[in-house]
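K.L.:
Have a look at this one.
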Amino acid sequence: MPIKYDFIPLDFNRLSPEKQQRRAVEFYELMKRRRTVREFSPEPVPFELIELAIKTAGVAPSGANQQPWRFVVVSNPEIKRRIRLAAEEEERENYSGRFPDEWLQALAPLGTDWHKEFLETAPYLIVVFKIDYGVESTPDGGERRIKHYYVNESVGIACGMLLTALHNAGLATLTHTPNPMGFLSEILKRPKNEKPYLLVPVGYPADGVKVPDITKKRFEEIAEVIE
Ligand code: IYR
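Numbers 735 to 961, taken from this note's numbering, label the letters of the sequence shown in order.
Take a look at the structure:
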């Protein structure tokens, strides 16, 4: 790690106002069509698209540029099956008593239940881990922990960029948070400084898939403009 970075000229492409407007509208039109999908086609997806999306997530800003994330890509059917079985075991308990009533009521309109078939059908599962602290070996053969800053914020931003990149590449995603998700550390053999953060099944939507007819809040509801 350098004591101080060299500073270089910013590579910034100033756009004409027309182009700014056009690109902003086009991007909004693209992003507002992203929908969470819970039924996937088993059709394969080119790995290059997954790699490019992870590279895109990897350029996210992060606290002290520590990049506290790890993206574990699973396509192996045996491992996907183990993840499905472990997730379903947890979710079965969640839906049959572990979730408080208020939580179940909030989920009811979505129609979700403990079945997680998508964990096997989606050609890829991207399991995102947050790296709570760095580990550096010391000259005496020991280990030193390096504090990481703004880990949740950093990984959240990277996940947003990941979902955006996958949608832009014409792929469907689901943000899945099996609860608790410690089983992912075991199955994927992650070191103790990595904690499961989000599980993202990726693929093409199943033929004829339907999604709930939800709406998003209007600008006036989500923004407060102070002039
Ligand atoms: N993780 C569970 C429950 C769940 C919770 C929320 I909050 C959702 O928006 C959707 C599902 C599951 O995947 O079923």
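Glycine included, each C-beta is placed from N, C-alpha and C at the ideal position.
Treat the numbers as computed from the prediction; the structure is a model and nothing was measured.
Which residue marks the beginning of the alpha helix (DSSP H) containing S919, and which one marks its end?
P.N.:
Run containing S919: G916 to I921, per the alpha helix (DSSP H) assignment.
K.L.:
At what residue ranges does the segment 840-898 contain a whole run of the beta strand (DSSP E), taking only runs of 3 or more?
P.N.:
As far as the segment 840-898 is concerned, its whole beta strand (DSSP E) runs of at least 3 residues are 858-865, 867-871 and 877-881.
K.L.:
May I ask you to verify whether the segment 738-756 touches the segment 772-784, counting CB pairs closer than 8 Å and requiring at least 3?
P.N.:
No: the two stretches stay apart, fewer than three of their Cβ pairs being nearer than 8 Å.
K.L.:
Might you give, ordered along the chain, the residues of its own chain that have their beta carbon closer than 7 Å to the beta carbon of N810, omitting 5 neighbours on each side?
P.N.:
So the list is empty, once near-sequence residues are dropped.
K.L.:
Report back the beta-carbon spacing between S888 and S796 to the nearest angstrom; my notes put them in contact at under 8 Å.
P.N.:
Right, the Cβ-Cβ distance comes to about 4 Å (below 8 Å), so this counts as a contact.
K.L.:
Taking the C-alpha atoms as reference points, what is the distance between R769 and T907?
P.N.:
Roughly 8 Å between the two C-alpha positions.
K.L.:
Expressed to the nearest angstrom, what Euclidean distance is found between the alpha-carbon atoms of K950 and L844?
P.N.:
K950 and L844: Cα-Cα distance of roughly 15 Å.
K.L.:
Helix, strand or coil for T770 per DSSP?
P.N.:
Here T770 sits in strand by DSSP.
K.L.:
Assuming L933 and H901 form a contact by the criterion Cβ under 8 Å, report the distance between their Cβ atoms to the nearest whole angstrom.
P.N.:
Contact doesn't hold; Cβ gap of about 17 Å is too wide.
K.L.:
Expressed to the nearest angstrom, what Euclidean distance is found between the alpha-carbon atoms of F805 and F833?
P.N.:
Distance between the alpha carbons of F805 and F833: 28 Å.
K.L.:
Is there at least one non-hydrogen atom of the ligand IYR closer than 7 Å to the beta-carbon of P834?
P.N.:
No.
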